[in-house]
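Asks: Here the sequence shown stands for residues 0 to 541, numbered as in numbering that gives the first Met the number 0.
Just so you know, even glycine gets a beta-carbon here, dropped at the ideal spot from N, CA and C.
First, the structure itself, so that you have it in front of you.
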Amino acid sequence: MSLSKNSKHKTIWEDSLCMPKFNPLSDNTEVDVCIVGGGIAGLTTAYLLTKEGKRVCVLEDAELCSGQTGRTTAQFVTALDDRFFEIERLHGEKGAKIAAESHATAIEKVKGIVRSEKIECEMEIVDGFLFAADDKRKDVLQDELKAITRAGLANVKFIEHSPLAFFDTGPCLQFSQQMQLHPLKYLSALTDRIVRAGSQIYTNTHVNHVKGGKHAEVKTDKGFVVHCKSIVMATNTPVNDLFAIHTKQAAYRTYVLGFDIPKGSIPNALFWDTLDPYHYVRLEQNGSGNDILVLGGEDHKTGQDDHPEARFEALEKWVRARYPMAGEVLYRWSGQIMEPVDGMGFLGHNPMDRDNVYVITGDSGNGMTHCTIGAMLVTDQIMGRENPWEDLYNPSRISMHAVPEYMKENANVAAQYVEWLEPKSVPNFEELFAGEGVVFRKGVRMIAAYKDDDNKLTFLSSACPHLGGVIHWNNVEKSWDCPCHGSRFEAKGKVIEGPAWSDLARVTFPEVPSEAEIPLSQTSINKESYPGKSERHPSITF
């Protein structure tokens, strides 16, 4: 099985299924809708549009579901990460009602697709339990239940304890009619239906130019063009914008472990605590006959933790203290989630763009349902139908009650640029371990160095090509992560996560050209040409 483009660690889903393979785009083509991104957002949108009779083309930078969809724990839930009392504060009681309705409808939509298409994807309807992490947080449950009741969400009740017999969670909220499935089995089947309907899918196809309007087009780095009437950017975070969305959401890393446990030793349900960041638990089948306890959590802002391996250690410690039957760690991986400042996804018309360019982003930790909502909403917009959820998820919205969160997030981003002024001594490269990277200063220049398994050094510009943040080394994923807006790059510079969509510039050392000195040199790119050069490695020098 091939590994996700986003990780050095195979997920439980990748271990049991390989997504269908497709060829890169090798000629110009014309369709009704071009969708950029081959995860759950892009494939669900493509499926729904083909059902409407549209000719669709999906372009994926790597392989299908090799981004964040392959890194999910695949929980389809109405227990939202941001809590209904917070959503009510930020969006009012009407907004909270729409949030409840849309997520519940998304679950029903997926159920309906699975049943009508007869998809075998391990879909199970389960209960979910939200419990207080400690005594100080018990009031959160009552506040949440009141807000849930006002939002009209059914099948939620307060109970004195969860069905876990081996540790006392204390009081909790029980959410009925939640859902889990195998995401790759589900999306592999959707892929089959999309192709059968006559639509096109191309993988290993890197998009470097998007233009909306009457003559809309999507260009690749190989020079091929998709001419279309509508464009959907379904790339976790948009790669066709400099600022419009990125000032309103932040990228976070999240971590997952999979433990071998005896079959039947834990009730088949979903569990979440009220910590921030919180822990989330589900079960998955193990081919050996046992179950696998899948635990996630320990989130932090992308590029802002120097020791991410400690996150896995903290997760294991948490499990060992509460689940005595937990055995060997069989899986470990990390993923990336986008957190909007007001808790709701950005789904619909792309801000400051032509009316026929759409985005699906801002999963807020509920990626399975948010992406399904986005696919449903964008399909309605392309088909010219009104959708009652449009205003809540409008990517151009301004949430006045979220201004403090907006200011806080952007102050955090601004603080990252101070690193350009910090001293970073040139390392002794003989002491740098194989498979590790380091950022250092040479005069006024900042350089990123990586030593591969053959002890060969690669030198890169340390400036993220999106907006010039200083990249940081991620020793868990062997990647370069930008602490400003979450762009990520392979060890040798290839972009694997937006909003950047060009690679890190390669440089020579010790003679690094002056272009590498200017961290914000790309901020002058106009919207028509963003995100810039078509070549995968900008030509500073080799």
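Is the distance from the Cβ of Y279 to the Cβ of Q74 below 8 Å?
Replies: Going by C-beta atoms, Y279 is nearer than 8 Å to Q74.
Asks: Closest by CA to A188, which one among I158, E119, E51 and R149?
Replies: The option with the nearest alpha carbon to A188 is E119.
Asks: Taking 8 Å as the threshold (C-beta atoms), are V438 and K423 in contact?
Replies: Yes, the Cβ-Cβ distance between K423 and V438 is below 8 Å.
Asks: In chain order, what residues of the same chain lie with their CB nearer than 8 Å to the CB of G288, ignoring the 5 residues before and after it?
Replies: So the qualifying residues of the chain are K262.
Asks: Which residues in the same chain have their Cβ closer than 7 Å to the Cβ of G326, if we skip the five residues on either side of it in sequence?
Replies: Closer than 7 Å at Cβ, skipping near neighbours: F258, D259 and I260.
Asks: Just to confirm, are D428 and L456 a CB contact at a threshold of 8 Å?
Replies: Asp is not the amino acid found at residue 428; the sequence shown has Phe there. Yes, the pair counts as a contact, with Cβ atoms nearer than the cut-off.
Asks: Under DSSP, the alpha helix (DSSP H) around R136 begins and ends at which residues?
Replies: Element bounds for R136: n/a, residue is neither H nor E.
Asks: Identify, in the order they occur along the chain, each residue of the same chain with its Cβ nearer than 6 Å to the Cβ of H8, setting aside the five sequence neighbours on each side.
Replies: These residues qualify, in order along the chain: R331 and W332.
Asks: Pick helix, strand or coil for E496, following the three-state DSSP scheme.
Replies: It is a strand residue.
Asks: Rounded to whole angstroms, what's the CA-CA distance from E51 to M324? Just pull it up for me.
Replies: If you take the alpha carbons of E51 and M324, they lie about 49 Å apart.
Asks: For a test of the three-state rule: what should DSSP assign to Y277, helix, strand or coil?
Replies: Of the three classes helix, strand and coil, the one that applies to Y277 here is coil, per DSSP.
Asks: D355 to A250, Cα distance in whole Å?
Replies: The question names Asp, but residue 355 in the sequence shown is Asn. Approximately 26 Å between the Cα atoms of the pair.
Asks: Run the CB neighbour count on S538, radius 10 Å, all protein chains shown included, and call it buried at 16 or more, exposed below.
Replies: At S538, the pLDDT of 31 sits below 50, so the modelled position is not reliable; the number obtained from the coordinates is stated separately. Exposed, by the Cβ-count rule.
Asks: With distances taken Cα to Cα, identify the nearest neighbour of A462 among V417, G434 and D80.
Replies: Comparing Cα-Cα distances from A462 to each of V417, G434 and D80, the minimum goes to V417.
Asks: Between which residues of its own chain and A401 is the CB-CB distance below 6 Å, once the five residues before and five after are set aside?
Replies: Excluding sequence neighbours, A401 sits near L89, V340 and D341.
Asks: Quick one: give me the first and last residue of the beta strand (DSSP E) that Q335 is part of.
Replies: Element bounds for Q335: V328 to P339.
Asks: To the nearest angstrom, report how far apart A548 and L183 are at their CA atoms.
Replies: Only positions 0 to 541 of the chain appear in the structure, and residue 548 is not among them; the question remains open.
Asks: Could you tell me which of E29, T72 and T68 sits nearest to K53, measuring between CA atoms?
Replies: The candidate whose alpha carbon is nearest that of K53 is E29.
Asks: Report the CB separation of G566 from L376 in whole angstroms; it is logged as a contact under 8 Å.
Replies: Residue 566 lies beyond the range of the chain shown here (0 to 541); nothing can be said about it.
Asks: Helix, strand or coil for V30 per DSSP?
Replies: V30: coil per DSSP, three-state reduction.
Asks: Per the DSSP calculation, K218 is bridged to which residue(s)?
Replies: Note: K218 sits in a beta bridge opposite H208 and V224.
Asks: Between M351, D379, S264 and H299, which has its C-alpha nearest L282's C-alpha?
Replies: Answer by Cα proximity: S264.
Asks: Roughly how far, in whole angstroms, is the beta-carbon of T148 from the beta-carbon of H160, given that I think they are within contact range, below 8 Å?
Replies: The pair is not a contact, with the Cβ atoms about 21 Å apart (cut-off 8 Å).
Asks: If you drop the 5 nearest sequence neighbours on each side, which residues of the same chain put their C-beta closer than 8 Å to that of K145?
Replies: So the qualifying residues of the chain are F84.
Asks: Sort L172, D352 and G197 by Cα distance to A131 and report the nearest one.
Replies: The option with the nearest alpha carbon to A131 is L172.
Asks: Taking the alpha carbon of M122 as the point to measure from, which residue in L129, I112 and F128 has its own alpha carbon closest?
Replies: For M122, the nearest C-alpha among the options comes from I112.
Asks: Under 8 Å by Cβ, that's how I've got D610 and N207 pegged, so tell me the actual separation to the nearest angstrom.
Replies: Residue 610 is absent from the structure shown; the chain starts at 0 and stops at 541.
Asks: Please list the terminal residues of the continuous beta strand (DSSP E) segment that includes T457.
Replies: Segment L456 to S460, the beta strand (DSSP E) holding T457.
Asks: Quick check on I524: does DSSP put it in helix, strand or coil?
Replies: Note that I524 scores 30 on pLDDT, short of 50, meaning its location in the model is unreliable; the coordinates nonetheless yield the value given after this. Coil at I524, not helix or strand.
Asks: Quick check on the DSSP output: the alpha helix (DSSP H) that includes K316 runs from which residue to which?
Replies: Where K316 is concerned, the enclosing alpha helix (DSSP H) stretches over E308 to R321.
Asks: Here's a check: name, in chain order, each residue in its chain whose Cβ is nearer than 8 Å to the Cβ of H299, leaving out the five neighbours to either side.
Replies: Around H299: Y251, R252, P276, P307 and R310.
Asks: Give the range of the alpha helix (DSSP H) segment to which I381 is assigned.
Replies: Start and end: G366 to I381.
Asks: Any contact of the segment 356-373 with the segment 102-109, i.e. 3+ C-beta pairs under 8 Å?
Replies: The segment 356-373 is in contact with the segment 102-109.
Asks: With H, G and I counted as helix, E and B as strand and the rest as coil, what does DSSP make of R384?
Replies: Note: R384 maps to coil in three-state DSSP.
Asks: Quick check on I124: buried or exposed, where buried means 16 or more other Cβ atoms within 10 Å of its Cβ?
Replies: Exposed: under 16 other Cβ atoms inside 10 Å.
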